[in-house]
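Here is the structure we will look at, set down as C-alpha cells.
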Amino acid sequence: MDINLLLKKLTIEEKIGQLLQLSPFHFIRDIEVEVFGHLKELGLTEKKVFSAGSVLGIHNAAEMISVQEKYLRKSTHQIPLVFMADIIHGYETIFPVPLALSTSWNPKLAFDMARVSAIEASTAGIHVTFSPMADLSRDPRWGRVVEGFGEDPYLNALFTKEMVKGYQQDDISQDGNVASCVKHFAAYGAAEGGRDYNTVDVSRLSLHNYYLKGYKAAIDAGAKLIMTSFNVLDGIPATINKHLLRGVLRDLWKFDGLTITDYDSLHQVVPHGNAENDEEAALKGIIAGLDIEMASTCYINYLKKLIENHEVDIKLLDEAVLRVLKLKEEIGLFDNPYKGASVELESTLVRSNDHLEISKKVAHESVVLLKNENLLPLSTHKKYALIGPYAETRNTNGPWSWHGKNELNHTLKETLLEKNISMTFVKQVVRVEDLTKEDLIELKNVDAVILALGENERESGEAHSKVDIKLPRNQEEFVEFFRQAGLDSIVLLYHGRPFDLSNIMDAKAILDVYYLGSMANDAIADILTGVINPSGKITMSYPRHVGQIPIYYNHLNTGRPKIEGDRNEYVSYYLDELNTPLFPFGFGLSYSKFSYQNLRLSQFEMSLNEEISLFIDVQNETEIGGFETVQLYIRDYVATISRPVKELKGFQKIWFAPHQRRVVEFVINKSLLSYLDDQGNEVIEPGRFQLMVGSSSIELTSLDIILKKEEVNDFKK
Ligand code: GLC
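573 is the number of the first residue of the sequence shown in this note's numbering; add one for each residue after it.
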C-alpha cells in the first residue's frame, strides 16, 4: 500500500478520524458498557464513529471480526481499524504481576511471558498491547507499583526491553506477534504522596537518570508506540508536553513511532488547568506531537476548525496520520484486515497446558523468601494448619489480568494436598475471633500454622493507592495469637505492593508470593515443599514505616549522613525510626546458603577505553542446589553532581549445585561509570569508584578503582 498516496486521497475529516480511538461498543451498540469520561455527554455521530482509526479493548476474535466487517462496509478508503488492548501480564494464561516477575531477576522470563501473551492475544485479532508499563516507582502507597518492575532503572530497562522483544519479535505482521506500546510516558510512578494521577515534580536529572530509562529501553528495543501519562511534568501534562513528545522522544531518542494518550487524558488537560476547553487541548496536543487520542474527542471535534483557521499547520496532522497508516501497513492490515483473528486457534491456543506450564515456570522464580527459621521447606512428617483470608483463594491473577479467569485457578489447599502434606486443618477466616473453640482444640495437634495473608486484587492497581501499607490489623493479630499459643507461623503474602511488615516479624517464615497468576498456588506448593528452591530478590525497598517513603536504595549521601553508632544528632535521621528499610532492595533468601569470599581485581586503575575484571568466589554451603543472584553495585565518590551511594550496574543469576563453588566475574568498563546530565547526555568523569558485590544491596564486599584523568573530557557546568 502506498500510504503517502492514500494520505493524499483523504479528506481532512477522514485524516482526523484516523487519530480517534474508541471502545468497540460504539461500533456494535449492543453492549451496554459504562464509559468513563465525557464521551457520553459529547455524543459521537455515526459518521465520526465510523471514521475512527483504532479500537480500544476488543474481547475476542468473533467481536473483532464483527467490528472490522461493520466498519469496512462503511469505509470509503477501506482503511482497516487497528485493535489495541491491555495485555499486561497475560491474555487468558495469566502470569505473575510485573512487580513479582521483576523479583526473578531473570529478564528472559519477561520475554517468555510476552511471547505467550502475544500468541494468545493475536488469536483475538489484537494488534497492539499497552505494555510494558515502564514506570519506575519508589512509593508502595501507589497502587500501580504492581504493574511495574520496581525502583531500579537498570533492572527496569532490562525487563521492558525483553517484554518488547517478546511481544514483537522481528515482524509484527506475523500472526502471534503484537506491537508493543510502552507506557506511561513519563514519570507517572513519581506521583506525589503515592496518590494515583497526582502531580509529578521531578528534576530533569532525576528524569534522565532514573525515570526515563525504562521507556528508552523499550524504544531502543523497537516499541512501535508510547502512551502518555496522566500527570504533569514541569507543570505541563505529559499528553501535551512538547519537551517530552518532541524534545526527548523525537529529537533525542529519534523515535519514529506513534504517540497515544492515556484514557481521556487529552480532555483532562482542561481540568489540569492547561487548556480553557477541548479546542485548546486539541491545539496543544497536535503542536506537542500527540498522535492518537484515546477515548476523548478533542481532535475529532476541533482539529478541522483549527486547521481551517490556520491555527494549526495541516502538516502536523499529516505527520500524525502517516504514522498511523505506517503502523497499519507494518501490521499488514491493508492485506489482511483480520490479521491474527481466529476463532479456532482461540479454542486451542488460549490457556493451553503448555502455556500454563510456562506460567508456572515463571512463577517459580517470582517468589521471595523474606524469612525462614528452618520452617521451610515443609516436612511430610509434620502436621500443618492453613488459615487466613486467602487460605482457599483462587484470586491469584492480580490487577489487569484481562481474560484471566480466577475461578479456574487452584487453591493452595488443593495443591498442597496433592503433595502429601498433612494439612489437618484448613479454614479461610479473616480474624482470630472466627476460630471456634473446636478449632482451637484441633489446632493443638498441629506443628505449625501457614497463614495466608495479604490484600485483595482491588487494593492495588490503577486508582487504588493507600496511605497505610501495613497488613490489616486483624491479619497481624493471627501472628501474635499463634506466637502466644506457642505455635510457629509461616506467613504467605498475596499482595501487589511492598508492605510494612514490622508487626509480623515474630513469624518464623515469610514467603512473598504477590499475585502469581493462573498457576500461583501450584508454584507456591512447589516452593513450600522444596520441589523448587526460592530464588527471588525484592526490587522495591520494604519500609519499616510508611513515613520513610520515598525510601530507595540508590539514594544520595547528603552532607550529613547518618552513620550507625555515631551519636552526633545533627545528621540526616529520624527521632522515631531508622533510616534503613526493613528489607532492602535486592534481598531474598534461598533454602541454600551462599558465601562470598576473595573479592579481587585484574587491576586497580583504568583509562577510559580499558576494562577491569572483578572476581569473587561464591560457594553454596549446603546440600541443596539453588540459584543465587550475584549483584554488582558501583559508587562514584566525587562528580559534578552528587551521585548515589550505590547503583546496580550488573548481576548474574547462577545455578549452584550442592557445595559448588564458582568464580564469578564482572567486566568493568566506562559504560558502568557514566551518568546522564539534565539534557540526557552521557557524562564520564575521572576519579575513584567503589565496586561492591554481594547477595543484596546491603550484604556487600567492596574494593575501589581509579578512572585515570588524562583521557576523560571533564564535564564542567
Ligand atoms: C487506563 C490506564 C492505561 C491503560 C488505558 C487503556 O486508564 O492508565 O494503563 O492502558 O487506560 O485501558
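All C-beta atoms, glycine included, are put in the ideal place defined by N, C-alpha and C. A quick note: this is a predicted structure, and the numbers were derived from the prediction, not measured.
- Secondary structure of I1123, DSSP reduced to three states: Numbered from 1 along the sequence shown, position 551 holds the residue referred to as residue 1123. In this structure, I1123 counts as coil in the three-state DSSP scheme.
- Message: What does the Cβ neighbour count give for P843, buried or exposed, with the cut at 16 atoms within 10 Å?
- Response: As a position in the sequence shown, residue 843 is number 271, starting the count at 1. Around the C-beta of P843, fewer than 16 other C-beta atoms lie within 10 Å, and the residue is accordingly described as exposed.
- Query: Shortest alpha-carbon distance to M1077 belongs to which of Y1087, L1065, R1069?
  - Reply: As a position in the sequence shown, residue 1077 is number 505, starting the count at 1. For M1077, the closest of Y1087, L1065, R1069 by C-alpha to C-alpha distance is L1065.
- In three-state terms, what does DSSP make of Q740? Along the sequence shown, one-based indexing puts residue 740 at 168. Q740: helix per DSSP, three-state reduction.
- Query: With a cut-off of 8 Å, do at least 3 Cβ pairs link the stretch 847-855 to the stretch 826-833?
  - Reply: Counting Cβ pairs under 8 Å, fewer than three are found: no touch.
- Query: Helix, strand or coil: how does DSSP classify F608 here?
  - Reply: Counting from 1 along the sequence shown, the entry for residue 608 is found at position 36. A caution first: F608 carries a pLDDT of 48, below 50, which makes its placement in the model too unreliable to give a value.
- Message: On the DSSP letters alone, give me the boundaries of the alpha helix (DSSP H) that Y874 sits inside.
- Response: For the purposes of this step, residue 874 is taken as residue 302 along the sequence shown, with counting starting at 1. Its alpha helix (DSSP H) spans residues 870-880.
- Compute the Euclidean distance between the alpha carbons of K619 and S689, then round it to the nearest angstrom. Indexing the sequence shown from 1 puts residue 619 at position 47. Indexing the sequence shown from 1 puts residue 689 at position 117. One Cα belongs to K619, the other to S689, and the distance between them is close to 34 Å.
- Report the partner residues of D956 according to the DSSP bridge assignment. For the purposes of this step, residue 956 is taken as the residue at position 384 of the sequence shown. A small fix is needed here, since residue 956 is Tyr in this sequence, not Asp. DSSP, once it has assigned bridges, lists M995, A1020 as partnering Y956.
- Item | DSSP state of P809 mapped onto helix, strand, coil | The residue labelled residue 809 in the question sits at position 237 within the sequence shown. In the structure shown, P809 sits in a strand (DSSP, three-state: E or B).
- Quick one, which of E1141, D747, T665, F1187 has its alpha-carbon nearest E902's? If you number the sequence shown from 1, residue 902 lands on position 330. With distances taken between Cα atoms, E902 lies closest to D747.
- So is N969 buried or exposed if we call it buried at 16+ other beta carbons inside 10 Å? Start at 1 with the first residue of the sequence shown, and residue 969 comes out as number 397. Classification for N969: buried.
- Please go through the stretch 1092-1121 and give each complete alpha helix (DSSP H) segment of 4 or more residues, from N-terminal end onward. The stretch 1092-1121 contains these whole alpha helix (DSSP H) runs: 1092-1100.
- Task: Using only alpha-carbon positions, find the residue among G1222, K1218, K985, V750 that is nearest to Q1203.
- Result: Indexing the sequence shown from 1 puts residue 1203 at position 631. It is G1222 whose Cα lies nearest to the Cα of Q1203.
- Task: Note down the Cα distance separating K580 from G819, rounded to an integer number of angstroms.
- Result: Within the sequence shown, residue 580 is the residue found at index 8, counting from 1. Within the sequence shown, residue 819 is the residue found at index 247, counting from 1. Going by the C-alpha atoms only, they are around 28 Å apart.
- Query: Hey, which unbroken runs of the beta strand (DSSP E) at 3 residues or more fall wholly within the stretch 1178-1252?
  - Reply: DSSP runs (the beta strand (DSSP E)) wholly in the stretch 1178-1252: 1184-1192, 1198-1208, 1219-1228, 1233-1240.
- Please confirm whether any heavy atom of ligand 1 lies closer than 6 Å to the CB of F721. One-based indexing of the sequence shown puts residue 721 at position 149. F721 has its Cβ no nearer than 6 Å to any heavy atom of ligand 1.
- Item | Contacting residues, own chain, Cβ-Cβ under 7 Å from I575 (five flanking each side not counted) | On the sequence shown, residue 575 is found 3 positions in, with the first residue counted as 1. Excluding residues within five positions, the ones whose Cβ falls inside 7 Å are L894, L897, K898, E901.
- Query: Just to check, is the beta-carbon of F906 closer than 6 Å to a non-hydrogen atom of ligand 1?
  - Reply: The residue given as residue 906 occupies position 334 in the sequence shown. Because no heavy atom of ligand 1 lies under 6 Å away, the Cβ of F906 does not count as near it: no.
- Message: Since V1236 and I1188 should fall inside the 8 Å C-beta cutoff, what is the C-beta to C-beta distance between them, to a whole number of angstroms?
- Response: Within the sequence shown, numbered from 1, the residue matching residue 1236 stands at position 664. Within the sequence shown, numbered from 1, the residue matching residue 1188 stands at position 616. With 8 Å as the limit, V1236 and I1188 qualify as a contact, their Cβ atoms being about 5 Å apart.
- Same chain, Cβ closer than 8 Å to D684, five either side skipped, listed in chain order: The count along the sequence shown starts at 1 and reaches residue 684 at position 112. In chain order, G738, I930, K933, V934 place their CB closer than 8 Å to the CB of D684, counting only its own chain and leaving out the 5 sequence neighbours on each side.
- Task: Would you be able to state if there are at least three C-beta pairs under 8 Å between the stretch 957-965 and the stretch 1019-1027?
- Result: Touching, per the Cβ criterion.
- DSSP beta-bridge partners for V700? Mapped onto the sequence shown, residue 700 falls at position 128. DSSP lists M656, A751 as partners of V700.
- Message: Given 6 Å as the limit, tell me if F1071 has its C-beta closer than that to any heavy atom belonging to ligand 1.
- Response: For the purposes of this step, residue 1071 is taken as the residue at position 499 of the sequence shown. It does not: the Cβ of F1071 is nowhere closer than 6 Å to a heavy atom of ligand 1.
- Would you call the stretch 868-888 and the stretch 642-660 touching, i.e. three or more CB-CB distances under 8 Å? A contact is defined here as three or more CB-CB pairs under 8 Å, and the stretch 868-888 fails this definition with respect to the stretch 642-660.
- Using a threshold of 6 Å, is the CB atom of Y787 nearer than that to any non-hydrogen atom of ligand 1? Reading the sequence shown from its first residue, position 215 is the one you call residue 787. No, ligand 1 has no heavy atom inside 6 Å of this Cβ.
- Message: At a threshold of 6 Å, does F997 count as lining ligand 1 (C-beta to nearest heavy atom)?
- Response: Taking the sequence shown and counting its residues from 1, one reaches residue 997 at position 425. No, the beta carbon of F997 sits no closer than 6 Å to any heavy atom of ligand 1.
- Message: Is the beta carbon of L838 closer than 7 Å to that of S868?
- Response: Taking the first residue of the sequence shown as position 1, residue 868 is located at position 296. Taking the first residue of the sequence shown as position 1, residue 838 is located at position 266. Result yes, Cβ atoms of S868 and L838 sit closer than 7 Å.
- Item | Boundaries (first-last residue) of the alpha helix (DSSP H) holding R716 | As a first step, residue 716 is located in the sequence shown; it is residue number 144 there, counting from the start. Counting along the chain, R716 sits inside no alpha helix (DSSP H), nor does DSSP assign it H or E at all.
- Where does Q840 fall in DSSP's three states? For the purposes of this step, residue 840 is identified with residue 268 of the sequence shown, where counting begins at 1. Three-state DSSP puts Q840 in coil, outside helix and strand.
- Query: From what residue to what residue does the beta strand (DSSP E) around V1265 run?
  - Reply: Position 693 of the sequence shown, counted from the start, is the residue given in the question as residue 1265. It spans 1259-1266 - the beta strand (DSSP E) in which V1265 sits, taken as one unbroken run.
- Output the boundary residues of the beta strand (DSSP E) element that contains L628. Looking up residue 628 in the sequence shown gives position 56. Element bounds for L628: 626-628.
- Message: If distances are taken between C-alpha atoms only, which option among K642, G1198, S674 comes closest to F1166?
- Response: Taking the first residue of the sequence shown as 1, we reach residue 1166 at position 594. Looking at the Cα atoms, G1198 is the closest of the given residues.
- To the nearest angstrom, how far is it from the Cα of P679 to the Cα of A1057? By 1-based counting over the sequence shown, the position of residue 679 is 107. By 1-based counting over the sequence shown, the position of residue 1057 is 485. Whole-angstrom Cα-Cα distance: 43 Å.
- Going by the C-beta, is Y1356 closer than 6 Å to any heavy atom of ligand 1? This structure gives no information on residue 1356, because the portion of the chain shown stretches from 573 to 1289.
- Task: Given a cut-off of 7 Å, decide if S801 and F731 are closer than it, judged by their beta-carbon atoms.
- Result: As a working mapping, residue 731 is identified with position 159 in the sequence shown. As a working mapping, residue 801 is identified with position 229 in the sequence shown. No. Outside cutoff.
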